[in-house]
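Okay, so here's the structure we're looking at.
Numbering (full-length UniProt numbering), first residue to last: 1 to 617.
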C-alpha cells in the first residue's frame with residue numbers, strides 16, 4: 001500500500017469515526033426517549049484500479065430494528081384493541097342483566113314472581129299475596145324498560161365513539177402524509193430520514209390500534225397502507241378521507257351509519273366491511289350486533305312472558321263426515337299475531353305440523369318458516385283484515401290446498417279440517433292460540449302485561465310495522481286494570497259466579513305458564529340456532545339469557561387478557577430490537593475513540609515519513 005493510499009484510508013477512517021461518534025452520542029442522549037430507535041452509520045468504501053482506497057461514503061444513517069417483529073407487534077395491536085373494546089362493553093352489559101344474587105336482576109325477579117304466584121295458589125284470597133304478585137310483575141316490567149334503555153345508551157355511546165375514532169384516524173393519516181412528504185424530500189436530497197421514520201412508526205403504531213392495516217414501503221421510502229381486504233387507505237403520499245355521520249337516533253334492531261372512505265382517486269368503500277379487527281371494528285360490531293342482540297333478548301323475554309300469561313288455547317271439537325274424521329275450530333277470536341296449529345299425517349305417512357299466523361297487513365304475505373321459532377313446522381300467513389271469520393276460513397282453505405286435507409267452512413263459520421280417507425291423510429290435532437281481550441269470561445289467561453307505546457293495548461305479537469315484539473321491552477308495562485284491582489289474579493269469571501271468587505285456578509295457570517309450559521324461542525336472540533332453537537319455559541329462557549351474557553363477558557375478558565399478553569410480549573421484543581443499550585453504546589464509543597486515535601497516529605506517521613523523504617531530497 002502506497003503512502004497516499006494509507007493517507008486516504010486514515011483520513012476516511014477519521015471521518016467515519018467522527019460521524020459514528022456523533023451518531024453514538026445521539027443514541028446515548030436519546031436512550032430514554034420513547035420511540036427512539038438505535039442508529040448506526042452505513043459506510044461504503046471505494047477503490048481505485050490498483051486496489052487502493054479512493055474514497056468512502058459514511059453519510060447514511062440507518063435505524064437498527066427487527067422489522068418482522070415490528071410488523072407482528074403492529075398487527076397484534078388491532079386484535080388487542082378490538083378485544084379490549086368488546087370486553088369493556090360486554091362487562092357493562094353483563095352488569096345490566098345482573099345475576100341471580102342481585103335482587104333486582106331479571107332472573108331474580110322472575111324467580112320472585114314464580115314464588116309469589118305459588119303463595120297465591122295456596123291462599124288466593126290473601127290481599128297481600130295478590131299485591132305481592134302485582135308489585136313484582138311491575139318491577140319486572142320496569143327492569144326490562146330500564147335494561148333496554150341502558151343498552152340503548154351503550155349503543156349511543158358506541159356511535160359517539162365511532163365518530164371520535166373517525167376523526168382520530170383522519171388526523172393520523174394526515175400526519176403520516178405530512179411526515180411522508182418530509183421523508184420523500186429528504187430521501188431525494190440524500191439527507192437522513194431515520195429520525196422521521198421513528199416518528200412515522202409511532203403514527204402507524206397508533207393507527208394499528210384502530211384498524212388492522214397492511215403497511216408496506218413505496219417509492220422514496222414512503223408508505224403504502226391498505227385495509228385488511230386490500231382497499232386503499234394511503235398511497236402515493238396521499239391519505240384517503242374517512243367520513244361518518246353520527247346516528248343521533250338509533251332505530252331498534254337496525255344498524256347505525258357506517259364509516260365511509262373516499263380515496264384521492266374518488267373511489268368510496270365501507271371501512272368497517274373492509275376491516276376485520278381494531279377498535280373501530282369492535283365499536284361498530286357492538287353498536288350493530290352485540291347490543292342489538294341483547295335488546296332482542298330483552299324483547300323476547302318481554303314478549304314470551306306476556307304471551308305466556310295472556311294467551312289461551314282454543315280447543316277444537318271432534319267431527320266425522322262419512323269416512324273422514326277431523327276437527328272443527330272456532331277462529332273468531334284470532335288477532336294479528338295469533339296462531340292456529342294443525343298436526344296431520346300426510347299421504348306418505350309422515351307427521352307434519354302447520355302453523356297458521358294471522359296478519360292484518362296482506363303485504364306481509366307470504367310468510368316464510370322463520371316467522372315462528374319452531375324448526376319443524378310449515379308456516380302460512382292468513383289475512384284476517386276483513387274481521388270476518390268466514391273470510392278467514394276462505395284464506396285458510398287456499399293456504400292448505402296442497403296438504404291433501406279436506407278444509408272447509410262447517411256452515412257455522414268455523415274451520416273444519418278433515419283427513420281424506422282415500423288419500424289417505426289423517427288429522428291428529430287442531431287448535432288456536434289466541435290473546436284474551438278481557439279480564440274475565442275468556443278462560444284463565446290474563447294480560448298481566450300490556451304494550452304502552454301509544455295507549456295500553458294487548459300484546460299479541462303482531463307482525464305489522466316491523467313487528468310488535470321489536471323494542472317491546474322498552475314499552476312493556478303492568479296492566480293498569482290489574483294495578484287497580486289485584487283480585488283479578490283470582491277472579492276470572494263473572495257468569496256463572498258460583499265458586500269462582502278467590503279461585504286458585506287462574507293463579508295455577510299463570511304459575512304453570514311461567515315455569516312449566518314449554519315453547520321454542522327466537523334463535524335470532526343468540527340463544528340456540530335456527531335448526532336447534534332453545535326450547536323451555538319462560539323462566540328457563542330468562543335464566544339462560546342472563547347466563548349467556550355472563551359467559552359472553554367472561555369469554556371476552558379471557559380473550560382480551562390473552563391478546564394483551566401477546567401484545568405485551570411482542571412490545572418487549574420490539575423495543576429490545578430497536579432500544580439503545582447504554583453499556584453497549586459507551587463501550588462502542590471507547591472503541592471509536594481508540595480507532596480515531598489510531599487513524600490519527602497513522603496520519604502522523606505518514607506525515608513524518610513525508611518529511612523524511614523531503615529531507616532526503
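Glycine residues also receive a C-beta, built at the ideal position from the N, C-alpha and C atoms.
- Here the alpha carbons of residue 107 and residue 542 stand approximately 6 Å from one another.
- If you draw a straight line from the Cα of residue 265 to the Cα of residue 238, it is about 10 Å long.
- Bounds of the beta strand (DSSP E) holding residue 343 are 339-345.
- With respect to the C-alpha of residue 385, the residue from 360, 368, 293 and 364 having the closest C-alpha is 360.
- Of the candidates 548, 171 and 62, 171 places its Cα closest to the Cα of residue 240.
- Taking residue 517 as reference, the option from 532, 95, 538 and 115 with the minimal CA-CA separation is 538.
- Taken through DSSP and simplified to helix, strand or coil, residue 323 comes out as coil.
- The DSSP-derived three-state label of residue 432 is strand.
- The stretch 135-144 makes contact with the stretch 473-483, as at least three CB pairs between them are under 8 Å.
- For residue 378, the three-state secondary structure derived from DSSP is strand.
- Straight-line measurement puts the Cα of residue 150 at about 47 Å from the Cα of residue 65.
- In this structure, the CA atom of residue 246 is about 15 Å from the CA atom of residue 168.
- Listed as beta-bridge partners of residue 520 by DSSP are 535.
- Following the DSSP letters along the chain, one finds residue 407 inside the beta strand (DSSP E) bounded by residues 406-409.
- Straight-line measurement puts the Cα of residue 354 at about 15 Å from the Cα of residue 337.
- Note that the C-beta distance between residue 487 and residue 130 is below 8 Å.
- Counting C-beta atoms within 10 angstroms of its own C-beta, residue 322 has fewer than 16 neighbours from the protein chains shown and is therefore classed as exposed.
- When DSSP states are grouped into helix, strand and coil, residue 512 belongs to the helix group.
- Annotation for residue 206: 172 place their beta carbon closer than 7 Å to its own, counting only its chain and skipping 5 residues before and after.
- Residue pairing for residue 416: DSSP places it in a beta bridge opposite 328 and 408.
- Just so you know, the alpha carbons of residue 478 and residue 305 end up roughly 12 Å apart.
- Uninterrupted beta strand (DSSP E) stretches at least 3 residues long and entirely within the stretch 452-494 occur at 476-478, given in chain order.
- Pairing residue 67 with residue 529, the inter-Cα distance amounts to about 44 Å.
- In the structure shown, residue 421 adopts coil according to DSSP, grouped into three states.
- Residue 278 and residue 153 have their C-alpha atoms some 22 Å from each other.
- For the pair residue 357 and residue 379, the CB atoms are nearer than the 8 Å cut-off.
- Taking C-beta separations shorter than 6 Å and ignoring five residues to either side along the sequence, the partners of residue 155 in its chain run 250, 287 and 291, following chain order.
- Residue state for residue 125 is assigned as coil, using DSSP reduced to three classes.
- Excluding its 5 nearest sequence neighbours in each direction, residue 114 has C-beta neighbours in its own chain below 7 Å: 511, 514, 515 and 539, listed in chain order.
- With fewer than 16 other Cβ atoms from the protein chains shown falling within 10 Å of its own Cβ, residue 101 counts as exposed.
- Counted as a single uninterrupted DSSP element, the stretch harbouring residue 335 is not any beta strand (DSSP E), since DSSP gives it neither H nor E.
- Counting only runs of at least 4 residues, the stretch 92-122 fully encloses the following alpha helix (DSSP H) elements, listed from N- to C-terminal order: 106-122.
- When only Cα atoms are considered, residue 316 and residue 505 end up about 22 Å apart.
- For residue 314, the enclosing beta strand (DSSP E) starts and ends at 311-315.
- When rounded, the separation of the alpha-carbon atoms in residue 441 and residue 326 is 28 Å.
- Relative to the Cα of residue 319, the nearest Cα in the group 396, 414 and 233 belongs to 414.
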